[in-house]
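For the working numbering, add 220 to where a residue sits in the sequence shown, where the first one is 1.
Accompanying notes for the structure given below.
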Amino acid sequence: MAELVLHPEVQAKLRREIDAVIGRDHVPTDADVVRMPYLQAVIKETFRNHPPGPLLSWARLSTDDVHLSNGMLVPAGTTAMVNMWAIAHDAKVWARPDCFEPERFVDADGGADVDVRGGDLRLAPFGAGRRVCPGKNLGLATVGLWVARLAHGFEWAPVDGAAVDLGEVLKLSLEMKTPLTAAATPRENVVGVL
Ligand code: HEM
Numbered sequence: 221m222a223e224l225v226l227h228p229e230v231q232a233k234l235r236r237e238i239d240a241v242i243g244r245d246h247v248p249t250d251a252d253v254v255r256m257p258y259l260q261a262v263i264k265e266t267f268r269n270h271p272p273g274p275l276l277s278w279a280r281l282s283t284d285d286v287h288l289s290n291g292m293l294v295p296a297g298t299t300a301m302v303n304m305w306a307i308a309h310d311a312k313v314w315a316r317p318d319c320f321e322p323e324r325f326v327d328a329d330g331g332a333d334v335d336v337r338g339g340d341l342r343l344a345p346f347g348a349g350r351r352v353c354p355g356k357n358l359g360l361a362t363v364g365l366w367v368a369r370l371a372h373g374f375e376w377a378p379v380d381g382a383a384v385d386l387g388e389v390l391k392l393s394l395e396m397k398t399p400l401t402a403a404a405t406p407r408e409n410v411v412g413v414l
């Protein structure tokens, strides 16, 4: 939601997609959300910019010496972590990594077709492999549904004196250092979530 407040053009484009798919007379449902490719791109771009599990949840202990294909050795007994945040912000992997550009994930715009459920290590916000997040489908469905409902029912704008701060702090997961303050204005002639 913070990125949508900071990027009104993305917010407007998302709302146009939601209106085009469902109109204005009901709140988005799970069945609607899967027909919204731009919404999926907005969510992927948010996971890329702000991976909720950036580092620690990927900790692994090597039980044996592991020889990597690049010649490096990971000795037995090493605690190793994958720094997903660094991969997601690596300019060798992502063009303009610090920009919020959902279009990079839109097939029709030549964007990357990335499976964020562990099938593509360029962006694996749920981890990958045997210990991949078992709640990934529920997580994705929930985030998609709520972002769709919040963007469909309300216009989101900054509030004077409360600048949106994208600063992050790592607790159990990555959180905003300063919680978002924004004005949510119910849209006219739209059946809202409240
Ligand atoms: C947007 C939502 C979510 C994100 C971004 C997320 C992310 C993650 C990540 C990064 C891991 C670590 C994977 C690894 O170590 O390789 C993980 C593990 C896990 N997640 Fe999620 N998760 C989400 C939602 C959920 C939900 C909804 C549930 C349960 C209903 C869930 C249950 C778990 C469990 C039980 C593990 C531990 C799996 C294991 O160690 O074998 N997660 N999640």
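Where is the CB? At the ideal position from N, CA and C, for every residue including glycine.
Asked	Found
Determine the closest residue to L343 out of G359, L358, D310 and E323, with distance taken between C-alpha atoms.	D310
Taking C-beta to C-beta, are A368 and L259 nearer than 8 Å?	yes
Taking 8 Å as the cut-off, does the segment 223-239 touch the segment 325-337 (at least 3 CB pairs, one atom from each stretch)?	no
Based on DSSP bridge pairs, tell me the residues matched to T398.	DSSP lists no partner for T398.
Taking 7 Å as the line, does the beta carbon of F352 fall inside it for any heavy atom of the ligand HEM?	In the sequence as presented, Phe is not what sits at residue 352; that position holds Val. At least one heavy atom of the ligand HEM is nearer than 7 Å to the Cβ of V352, so yes.
Can you tell which of P322, L386, E395 and A377 has its C-alpha closest to the C-alpha of P257?	P322
I think A306 touches R280, with their Cβ atoms under 8 Å apart; what is that distance to the nearest whole Å?	Going by Cβ atoms, the distance from A306 to R280 rounds to 16 Å, so no, they are not a contact pair.
Any contact of the segment 284-291 with the segment 382-396, i.e. 3+ C-beta pairs under 8 Å?	no
Here's the rule: buried if 16 or more other CB atoms are within 10 angstroms of the residue's CB, otherwise exposed. What is R236?	exposed
So what's H372 in DSSP terms, helix, strand or just coil?	helix
Have a look at E223, G364 and F374 and flag the residue whose alpha-carbon is nearest the alpha-carbon of R244.	F374
Within its chain, find whatever has a CB closer than 7 Å to the CB of P415; leave out the 5 residues flanking it on each side and keep chain order.	Shown here, the chain extends from 221 to 414; a query on residue 415 therefore has no answer.
Is G387 near the ligand HEM, with its Cβ less than 7 Å from a heavy atom?	no
Just to confirm my understanding: we take M304, look at its own chain, exclude 5 residues before and 5 after, and list those with CB closer than 6 Å. What are they?	P271 and P274
Just grab the DSSP bridge partners of L392 for me.	L392 is not bridged to any residue.
Just to check my reading of the structure: G349 and G338 have Cβ atoms closer than 8 Å, yes? What is that Cβ distance to the nearest angstrom?	7 Å
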